[in-house]
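Just so you know, the protein sequences line up as chains F and Z, in that order.
Per the numbering used here, the first sequence starts with residue 26, numbered consecutively.
Per the numbering used here, the second sequence starts with residue 195, numbered consecutively.
Cβ atoms here follow ideal geometry from the backbone N, Cα and C, with glycine treated the same way.
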Amino acid sequence: RRPAAPRPAASLLQALGLHDSPRGAPKSRSVPPIMWRLFRRRDPQEARLSPRRTPPGATPRPCHVEELGVAGNIVRHVPGRGVRARTAEPSAPERCPTWTLLFDLSSVEPAELPSRARLELRFAGEGAAAETDGSWELSVAQAGDVGAGPAPLRQAVASLRAPVRAELLGAAWAHNASVPRSLRLVLALRPRAAGPCGHLAEASLLLVTLDPRLCHPLARPRR
Amino acid sequence: EAQPSVGGSHGGSCRARRLYVSFREVGWHHWVIAPRGFLANYCQGQCSLPATLPGPGGPPALNHAVLRALMHSAAPGPAGLPCCVPARLSPISVLFFDNSDNVVLRHYEDMVVDECGCR
């Protein structure tokens, strides 16, 4: 284990809502473009360096993520750890595979309130699927809910060439539910007609939460 | 890095001074992706008259601070002068990797001193 941070640094980390200093950049992980975009739009000092991006005099609302249009002061990009669950018989109507995805959300504090959970899926088609547009239906359910009726999230997918995005909150994730330590989702991508199956290449979750402890009520301007 | 005070121990009237916080110096540069650091600044200076009175475009003065400065100028006593403290602050955002290999963007309010005032 890393030696505990010296006292002042530990206090500052705590003030920033972090328990200890993370171990550092994982070798296999680059920073997703969406996170760079959010950072550059959000950081006032960055904005001062590139005033073109921020209209003069505009101060971002505290505890609000303008670009995503929701309340929040923490945005996480969580890589999905995919496990191929089941491949049906080629002749069965559900002949395409389903996937079980696991998202590690243990770093989210109990006090944090989810305001947006966007699933982003990249498919690599098997042969023709990558080239032609077709029509698929994506269904997403929490692993614990599989078999208890239709999937809470069903979405039409017109093409596998672009990332497929699906909003989980209010669908596969109840709005007022707290953030679980790990989120297990079961995905299925079914071609509407007898078309080719898609193949899940990458999955990630963009999670926006609001930590009320880091939000200060807006000070009333002096009369 | 801090801007040294000029002239005397408190360097003139109350105002913001430059203080740059480098994440490398704090030893966080291996997990903070951006920024490399930020201008936090700090407040220092005298809060005697007329610095305590509101300057053009500056933060409004607190009546109590003006009263204290007036009393001090008339008869210096144990109450002393008002203090030079942050009067307007602004936020920063930090992009980093956490221990679950997530990329995290956190927004922190009140991290940069934009203006100082006597309180």
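Worksheet entry | Extent of the continuous alpha helix (DSSP H) to which residue 67 of chain F belongs | Counting from 1 along the first sequence, the entry for residue 67 of chain F is found at position 42. For residue 67 of chain F, the uninterrupted alpha helix (DSSP H) segment begins and ends at 58-67.
Item to complete: Measure the CB-CB distance between residue 297 of chain Z and residue 102 of chain F and report whether it falls below 8 angstroms.
Response: Here residue 297 of chain Z refers to the residue found at position 103 of the second sequence. Here residue 102 of chain F refers to the residue found at position 77 of the first sequence. Residue 297 of chain Z places its beta carbon less than 8 angstroms from that of residue 102 of chain F.
Discussion item. Tell me the rounded alpha-carbon separation between residue 300 of chain Z and residue 287 of chain Z.
Written reply: As a first step, residue 300 of chain Z is located in the second sequence; it is residue number 106 there, counting from the start. As a first step, residue 287 of chain Z is located in the second sequence; it is residue number 93 there, counting from the start. Between the alpha carbons of residue 300 of chain Z and residue 287 of chain Z lies a distance of about 6 angstroms.
Practice prompt. Report yes or no: is there a C-beta of chain F within less than 8 angstroms of the C-beta of residue 307 of chain Z?
Written response: Position 113 of the second sequence, counted from the start, is the residue given in the question as residue 307 of chain Z. Judged by the 8 angstroms Cβ criterion, residue 307 of chain Z is not in contact with chain F.
Worksheet item: Which class does residue 233 of chain F belong to by DSSP, given the choice of helix, strand or coil?
Response: By 1-based counting over the first sequence, the position of residue 233 of chain F is 208. Residue 233 of chain F falls in the strand class under three-state DSSP.
Fill in: Element boundaries [beta strand (DSSP E), containing residue 204 of chain F]
Here residue 204 of chain F refers to the residue found at position 179 when the first sequence is read from its first residue. Run containing residue 204 of chain F: none; DSSP gives neither H nor E here.
Discussion item. Tell me which residues share the same chain as residue 306 of chain Z and place their Cβ nearer than 8 angstroms to its Cβ, disregarding the 5 neighbours each side in the sequence.
Written reply: Along the second sequence, read from residue 1 onward, the residue named residue 306 of chain Z stands at position 112. Hits under 8 angstroms: 232, 233, 234, 235, 283, 284, 285 and 286.
Item to complete: Keeping to the same chain, check which residues put their C-beta closer than 7 angstroms to that of residue 246 of chain Z; ignore five residues upstream and five downstream.
Response: Translated into positions along the second sequence, residue 246 of chain Z becomes position 52. Hits under 7 angstroms: 255, 259, 260, 263, 276 and 312.
Worksheet entry | Interface flag, residue 293 of chain Z vs chain F, CB-CB below 8 angstroms | Residue numbering aside, residue 293 of chain Z sits at position 99 when the second sequence is read from its first letter. Yes, residue 293 of chain Z counts as interfacial toward chain F.
Worksheet item: Taking the Cβ atom as the reference point for each residue, do residue 90 of chain F and residue 182 of chain F lie within a distance shorter than 8 angstroms?
Response: For the purposes of this step, residue 90 of chain F is identified with residue 65 of the first sequence, where counting begins at 1. For the purposes of this step, residue 182 of chain F is identified with residue 157 of the first sequence, where counting begins at 1. No, they are not a contact pair.
Item to complete: Report the residues of the segment 218-231 of chain Z with a CB closer than 8 angstroms to any CB of chain F, ordered along the chain.
Response: For the segment 218-231 of chain Z, the residues whose beta carbon sits under 8 angstroms from a beta carbon of chain F are, in order, 220, 221, 222, 224, 225, 227, 228 and 229.
Worksheet item: Going by the CB atoms, is the gap between residue 191 of chain F and residue 178 of chain F shorter than 8 angstroms?
Response: Here the question's residue 178 of chain F lines up with position 153 in the first sequence. Here the question's residue 191 of chain F lines up with position 166 in the first sequence. Yes, these two residues count as a Cβ contact at 8 angstroms.
Discussion item. Three or more C-beta pairs under 8 angstroms: does that hold for the segment 120-132 of chain F against the segment 209-229 of chain Z?
Written reply: Verdict: no, contact absent.
Discussion item. Checking the sheet assignment: what are the DSSP bridge partners for residue 106 of chain F?
Written reply: Here residue 106 of chain F refers to the residue found at position 81 when the first sequence is read from its first residue. Partner(s): F:127.
Discussion item. So with CB distances below 9 angstroms, who are the chain Z contacts of residue 64 of chain F?
Written reply: Against the first sequence, residue 64 of chain F aligns to sequence position 39. Near residue 64 of chain F (Cβ distances below 9 angstroms), the residues of chain Z are 227, 228, 229, 287, 288, 289 and 299.
Item to complete: Please go through the same chain and pick out, in chain order, the residues whose beta-carbon is closer than 6 angstroms to the beta-carbon of residue 196 of chain Z, but skip the five residues on each side of it.
Response: Taking the first residue of the second sequence as 1, we reach residue 196 of chain Z at position 2. Answer for residue 196 of chain Z: 213, listed in chain order.
Worksheet item: Can at least three beta-carbon pairs, one atom from the segment 137-144 of chain F and one from the segment 225-239 of chain F, be found at a separation below 8 angstroms?
Response: Yes, they touch.
Worksheet entry | Beta-carbon neighbours of residue 296 of chain Z, restricted to chain F and to distances below 7 angstroms | Numbered from 1 along the second sequence, position 102 holds the residue referred to as residue 296 of chain Z. Ordered by position in chain F, the residues that pass the 7 angstroms Cβ test against residue 296 of chain Z are 101, 102, 103 and 132.
Worksheet item: When you compare each of F:148, F:206 and F:48 to residue 221 of chain Z by their alpha carbons, which one comes out closest?
Response: Numbered from 1 along the second sequence, position 27 holds the residue referred to as residue 221 of chain Z. Looking at F:148, F:206 and F:48, the one whose alpha-carbon comes closest to that of residue 221 of chain Z is F:48.
Worksheet item: By how many angstroms is the C-alpha of residue 209 of chain F removed from the C-alpha of residue 239 of chain Z?
Response: Your numbering for residue 239 of chain Z matches position 45 in the second sequence. Your numbering for residue 209 of chain F matches position 184 in the first sequence. Whole-angstrom Cα-Cα distance: 57 angstroms.
Fill in: Through-space distance from residue 170 of chain F to residue 63 of chain F, alpha-carbon basis
Working through the first sequence from its first residue, we reach residue 63 of chain F at position 38. Working through the first sequence from its first residue, we reach residue 170 of chain F at position 145. Whole-angstrom Cα-Cα distance: 33 angstroms.
Practice prompt. Indicate the three-state DSSP secondary structure (helix, strand or coil) for residue 301 of chain Z in the structure shown.
Written response: One-based indexing of the second sequence puts residue 301 of chain Z at position 107. It is a strand residue.
Item to complete: Closer than 7 angstroms by beta-carbon distance: list the chain F residues that pair up with residue 302 of chain Z, in chain order.
Response: Residue 302 of chain Z sits at position 108 when you count from the first residue of the second sequence. Per Cβ cutoff of 7 angstroms: 41 and 239.
Discussion item. Here's the rule: buried if 16 or more other CB atoms are within 10 angstroms of the residue's CB, otherwise exposed. What is residue 36 of chain F?
Written reply: Reading the first sequence from its first residue, position 11 is the one you call residue 36 of chain F. Counting Cβ neighbours within 10 Å, residue 36 of chain F comes out exposed, since fewer than 16 surround it.
Worksheet item: Mind pulling the chain Z residues with CB within less than 7 angstroms of residue 221 of chain F?
Response: The residue given as residue 221 of chain F occupies position 196 in the first sequence. Under the 7 angstroms cutoff, chain Z gives no residues; its nearest Cβ is about 32 angstroms from residue 221 of chain F.
Worksheet item: Along the segment 165-179 of chain F, what residues have a CB closer than 9 angstroms to any CB found in chain Z?
Response: Listed in sequence order: no entries.
Item to complete: In angstroms with no decimal places, state the Cα-to-Cα distance between residue 7 of chain F and residue 59 of chain F.
Response: Look at the range of chain F in this structure, 26 to 248, and you will see that residue 7 of chain F is not part of it.
Practice prompt. Measuring only between beta-carbons, confirm whether residue 122 of chain F sits less than 8 angstroms from chain Z.
Written response: Residue 122 of chain F sits at position 97 when you count from the first residue of the first sequence. So no, residue 122 of chain F is outside the interface.
Item to complete: Figure out for me which residue from F:106, F:221 and F:34 has the closest Cα to the Cα of residue 207 of chain F.
Response: Working through the first sequence from its first residue, we reach residue 207 of chain F at position 182. The closest CA to that of residue 207 of chain F, considering only F:106, F:221 and F:34, is found on F:106.
Worksheet item: Mind pulling the chain Z residues with CB within less than 7 angstroms of residue 51 of chain F?
Response: The count along the first sequence starts at 1 and reaches residue 51 of chain F at position 26. Within chain Z, the residues near residue 51 of chain F are 291 and 295.
Worksheet item: Just reading off the beta strand (DSSP E) that residue 280 of chain Z is part of, what are its end residues?
Response: Counting from one through the second sequence, the residue named residue 280 of chain Z turns up at place 86. Note, residue 280 of chain Z: beta strand (DSSP E), 278-291.
Worksheet item: Along chain Z, in chain order, which residues have C-beta atoms closer than 7 angstroms to that of residue 46 of chain F?
Response: On the first sequence, position 21 is the one that residue 46 of chain F refers to. Per Cβ cutoff of 7 angstroms: 222 and 225.
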